[in-house]
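Everything in the sequence shown is counted per the working numbering, starting at 62 for the first residue and increasing by one. Down below is the structure, laid out as structure tokens.
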Amino acid sequence: MKSGKLIWDFKTEASKADPFKVLNADGSLIPESLYAPVLNDFEDMYIAFFKFVSIGAIMSSPVVDKGVVYFGSMDGNLYALR
62 MKSGKLIWDF KTEASKADPF KVLNADGSLI PESLYAPVLN DFEDMYIAFF
112 KFVSIGAIMS SPVVDKGVVY FGSMDGNLYA LR
């Protein structure tokens, strides 16, 4: 009989990653002092974006390239915010 009780779980290395890191397009890490303004701008864009579209949870770290913030969503889409 299935009880629904958790038997075991496993944390992957990816699940331990810090989700608040921001990467450049080449995969290099943006130092915290440099990405704080990006995240503040991103928050404003995020709030404005939700006035028009409801997206799924954001579980990935954003990537910044040429002033565009890219991130994936649990709704299966990749978003790009300028």
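No residue lacks a Cβ here, since even glycine has one placed at the ideal position from N, Cα and C.
For L139, the enclosing beta strand (DSSP E) begins and ends at 139 to 142. Distance from the CA of G117 to the CA of V124, rounded to the nearest whole angstrom, comes to 18 Å. Annotation for D87: no beta strand (DSSP E) segment contains it, and DSSP assigns it neither H nor E.
In the structure shown, G133 falls within a strand segment according to DSSP collapsed to helix, strand and coil.
Burial is judged here by how many other beta carbons sit within 10 angstroms of a residue's own beta carbon; V129 has fewer than 16 and is exposed. In the DSSP assignment, D126 falls within the unbroken beta strand (DSSP E) covering 124 to 126. Taking 8 Å as the cut-off, the beta carbon of S121 is found closer than this to the beta carbon of G133.
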